[in-house]
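With the UniProt record's numbering applied, the sequence shown corresponds to residues 1 to 278, in that order.
Even for Gly, the Cβ is constructed at its ideal location relative to N, Cα and C.
What follows is a set of notes on a single structure, which appears directly below.
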Amino acid sequence: MMQLQPGLSAMGAVRSTVAAQGPLGLYKGMLAPLATVAAFNAILFSSRGAAERVLSPDGAPLTTGQAVVAGAAAGVPVSLMATPTELLKCRLQAQTSKPPPGVVFSAEEYRAGRALFRGPGSLLQAIVKYEGPAAMFRGLVPTLLREVPGNAAYFGVYEACKHGLAAQQGIPVSQLSSLSLMTAGGIGGAAFWIAVYPMDVIKSCIQTQSAFAADRYRGVLDCGARLYRSGGWAAMWRGFGPCFARSVPANSVAFLVFERVKAALTGSYSAEVPVQHS
């Protein structure tokens, strides 16, 4: 919501959402990404693993540079899953009021952007009906431009931090403490969003704009230029604070849990890492 409404603070967004839609309104649009998070991570891991085998066929640990390349490669297939799920999430989050039970809207109301949806299922049906199945991939280009460099930074910075902390302490990477792994994970998550947050704002604007709008964005560059003209560079960073505050602890815990569970199950340290940047 903050990305789409200039001048809205984090607390302002919370107050307006709760007032209009109740406390559950704070979680609107989350069902689609939650339902696909396992598949998202499966695609990420398998893609990164395939890239890792190509870059290091002898099984040697990846260098930081190789981790960057592997992360970038993994960003391509995950974009194909992220685009439709985030389209549903962003459009539901852009709704400023709660639809009444049993509401029925006309084609004209949908095209005018006045239709309201209670969940991802009804929104998905409407998009396919009125815009066609291909519309589910609106925003694919900015999603690719977010995921490819974002995951390159995410994995690369995480690996660099791990090796840097291990060297500083004079120990193997496999012996890093929980605090060190959490530190590296938090920094990796922060690196993702610092690297690509403006592109995420552009993606959200493109995905939430009506396909039938007369002045709709012509692409990434047009959207970015309009955002800059309307609010300067600050417009490209709307909502960054809450995103950053969520990402750092989430990635700290995600990395720690993954590494410890993986080590317990296999008896060895894993170079693979989880994704928790969104």
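Test item: CB-CB of residue i and residue j under 9 Å
i: L92; j: M136; result: no
i: N251; j: A190; result: yes
i: G224; j: P198; result: yes
i: A166; j: T64; result: no
i: L145; j: V220; result: yes
i: S210; j: R216; result: yes
i: L181; j: E259; result: yes
i: C90; j: Q207; result: yes
i: Y158; j: F45; result: no
i: Y110; j: A94; result: no
i: residue 281; j: F212; result: Summary: the structure shown does not reach residue 281, with the chain confined to residues 1 through 278, and so no result is reported for it.
i: R238; j: G232; result: no
i: L227; j: A214; result: no
i: S247; j: W193; result: yes
Where residue i falls: helix, strand or coil (DSSP)
i: G232; result: helix
i: T183; result: helix
i: L140; result: helix
i: Y217; result: coil
i: P77; result: helix
i: S46; result: helix
i: D58; result: coil
i: A176; result: The sequence given here has Leu at residue 176, not Ala. Here L176 sits in coil by DSSP.
i: R238; result: coil
i: I171; result: coil
i: S247; result: helix
i: A211; result: coil
i: S270; result: Interpretation of S270 is limited by its pLDDT of 47, a score under 50 that renders its predicted location unreliable; the figure taken from the coordinates is listed afterwards. If DSSP states are grouped into helix, strand and coil, S270 belongs with coil.
i: T64; result: helix
i: V37; result: helix
CB contact below 9 Å: residue i versus chain D
i: V69; result: This model lacks chain D altogether; it includes just one protein chain.
**Report entry** Cβ contact (3+ pairs, closer than 8 Å) linking the stretch 146-153 and the stretch 70-87
**Finding:** yes
Query raised in the report: In the stretch 82-135, which residue ranges form an unbroken alpha helix (DSSP H) of at least 4 residues, counting only runs that do not cross its ends?
Result: 107-111 and 120-131
Query raised in the report: Contact between the stretch 201-214 and the stretch 253-266: three or more CB pairs below 8 Å?
Result: no
Query - Segment contact, 8 Å Cβ cut-off, at least three pairs: the stretch 224-243 with the stretch 179-186 - result: no
Query raised in the report: On the three-pair Cβ rule with 8 Å, is the stretch 76-83 touching the stretch 35-46?
Result: yes
Query raised in the report: Can we say the stretch 164-178 touches the stretch 114-128, given the rule of at least three CB pairs closer than 8 Å?
Result: no
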